[in-house]
Amino acid sequence: MKREQNRTIMGKRVAFLTLGCKVNSYETEGMRELFLKAGAVEVDFEEEADIYIVNTCAVTNIADRKSRQMLHRARKRGNGALVVAAGCYAQAAGERLGEQDGVDLVIGNNRKAEIVELTEHALEQRETETYRALLDIAKERRFEELPIETVTEHTRAYIKIEDGCNQFCSYCIIPYVRGRVRSRALSEVLAEIKRLAAEGYREVVLTGIHLSSYGLDRKKDAGEETASEFDATLAEKETADETVLPLLVLLKEAQKVEGIERIRLGSLEPRIMTEAFVKELALLSKICPHFHLSLQSGCDATLKRMNRKYTTAEYKEAVERLRRYFTKPAITTDVIVGFPGETEEEFAETMRFVKETAFSQIHIFKYSRRAGTAADKLEAQIPEPVKAERAETLAELEKELEYNYRKQFGGVTEPVLFEEKVTVDGAEYMVGHTTRYIKAAVPASGNFAPQPNETALVRLSDAVIKDAVAAEVFV
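Per our numbering, the sequence shown starts with residue 97, numbered consecutively.
Below, the structure is given as structure tokens:
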């Protein structure tokens with residue numbers, strides 16, 4: 097849907113709200129730029145606007161409920177405003193979302209690049225009924241470009257390089273709302289990194305729905321090339337060794353971009369951490385020694401029911417490789433508690449595995465039953481109070497592990513990329529993160545006080561200021 101001008105949008109007040117993951121945040125930034133280029137004026141979501149856009153999430157039942165709540169809030173706040181539901185919950189709910197939900201326009205995944213034109217159409221046709229822009233996402237093979245020139249964070253920029261997932265874990269609805277793996281062209285990724293570097297960004301975070309599958313969709317499948325729009329540049333840069341992953345090729349090219357100091361990776365599968373991959377990764381000086389490897393359970397029986405395609409032994413090997421090639425890397429993970437059939441013994445196995453692995457941080461989720469997934473049909477669904485108790489038990493262990501990891505760096509000098517000034521108990525501090533994503537705080541006054549988007553060597557301590565490690569600039 098194309099229009100020569102955006103007369104309907106010009107001067108309109110538009111407000112955005114993002115729910116869910118970093119991919120959603122990236123896509124909201126892309127939609128925001130499209131509206132601003134069309135002449136719209138951005139206002140805060142809590143203010144009165146002409147257009148409210150909620151980029152929804154569907155990863156859990158709680159995310160569904162939050163999405164509905166925010167759509168209703170937008171309807172109540174905006175006197176006659178157009179309410180737009182975009183993203184994963186919009187894709188999942190589809191035809192069920194309508195005027196009764198306070199929604200005027202429903203935009204599914206892989207249609208966000210058209211949001212300005214779709215919004216114009218909805219503004220013109222809103223006298224009739226809810227307008228829906230939904231694709232059969234399972235058949236989509238095109239990566240939707242939403243290039244970003246500036247981001248709201250001033251030091252760290254997230255870059256979406258992949259969409260979709262082919263894994264079909266038994267608990268997950270994401271493959272049904274995001275579709276199959278679709279990779280962004282290498283040339284487009286590098287062009288965005290270079291633009292952001294020119295804008296002064298020091299760190300980029302590569303993200304996607306299933307980042308480990310980046311570029312694999314362009315490989316031949318059953319003798320036929322997939323329809324992914326993946327440029328030939330990547331193929332030219334690959335070696336004759338077919339085991340070389342496209343993600344590694346991209347990282348080697350990103351390493352060459354001047355101005356970028358750090359390259360951080362989003363969530364990865366443990367199976368990608370082969371000896372060859374980790375060895376090559378360790379040669380790239382800009383790669384942050386911070387790796388988020390999804391675990392979900394430390395029990396093999398539970399992993400099998402989850403349709404996770406690795407064992408705890410394979411996971412442990414991946415972690416050991418990272419620790420062999422990187423110095424004290426931060427290994428973070430996700431764990432789901434209360435998966436159907438998870439016995440007390442199975443949960444105890446997860447607790448033992450988590451403790452032995454010594455993660456630096458764990459994101460804990462209570463299993464959320466999702467209609468349409470294989471796990472929804474499993475027997476022995478776990479009661480909510482049991483899920484909550486297990487989540488609390490694991491959270492206590494997580495605190496201990498995080499403390500143990502951070503205390504290794506007491507008295508150690510580390511580079512910190514500073515981000516912002518905060519006030520704690522009346523005192524001002526500059527806060528930022530190390531390459532291992534340890535948050536550090538130094539006094540914001542004095543001759544050596546760092547500025548936002550400045551990297552400085554600091555000496556970390558054992559003390560804590562709110563949620564950050566107390567530190568001092570090393571001079």
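All C-beta atoms, glycine included, are put in the ideal place defined by N, C-alpha and C.
Spatial neighbours of Ala188 in its own chain (CB-CB distance under 6 Å, excluding positions within 5 residues in sequence) are listed in chain order as Ala154 and Val273. Contact between the stretch 448–455 and the stretch 251–264 is not established, with fewer than three Cβ pairs separated by less than 8 Å. In the DSSP assignment, the residues bridged to Asp430 are His459.
From the listed residues Gly304, Ala350 and Val431, the smallest Cα separation to Leu282 is found for Ala350.
If you draw a straight line from the Cα of Cys261 to the Cα of Gly183, it comes to about 15 Å. In the structure shown, Thr303 falls within a strand segment according to DSSP collapsed to helix, strand and coil. Two segments are said to touch when three or more pairs of C-beta atoms, one from each, lie closer than 8 Å; by this definition the stretch 423–430 does not touch the stretch 470–486. For Arg314, the closest C-alpha among the options Gly434, Val285, Arg278 and Leu130 is that of Arg278.
Boundaries of the alpha helix (DSSP H) harbouring Ile270: Ile270 to Arg274, taken from the DSSP string. Nearest Cα to Glu225 within the set Val179, Ala209 and Cys268: Val179. Taking 8 Å as the cut-off, the beta carbon of Ala234 is found closer than this to the beta carbon of Gly275.
Inclusion of Ile534 and Val554 in the CB contact set at 8 Å is not warranted, their separation being larger than that value.
Between Thr303 and Ile244, the alpha-carbon positions lie close to 14 Å from each other.
For Ala564, no alpha helix (DSSP H) segment is defined; the enclosing uninterrupted segment is the beta strand (DSSP E) at Ala564 to Val569. If one requires a minimum length of 4 residues, the alpha helix (DSSP H) runs lying completely within the stretch 373–432 are 396–402 and 408–421, in chain order.
For Asp197, the secondary structure class from DSSP, reduced to helix, strand or coil, is helix.
According to the DSSP assignment, Arg171 belongs to the alpha helix (DSSP H) that extends over Asn157 to Arg173.
With respect to the C-alpha of Gln221, the residue from Phe264, Asp200 and Val119 having the closest C-alpha is Asp200.
The residue among Lys133, Gly135, Ala170 and Lys412 with its C-alpha nearest the C-alpha of Ile149 is Ala170.
Gly176 and Leu115 have their C-alpha atoms spaced approximately 23 Å apart.
A residue is called buried once 16 or more other Cβ atoms fall within 10 Å of its Cβ, and Phe264, having fewer, is exposed. Distance from the CA atom of Phe373 to the CA atom of Thr398, rounded to whole angstroms, is 28 Å.
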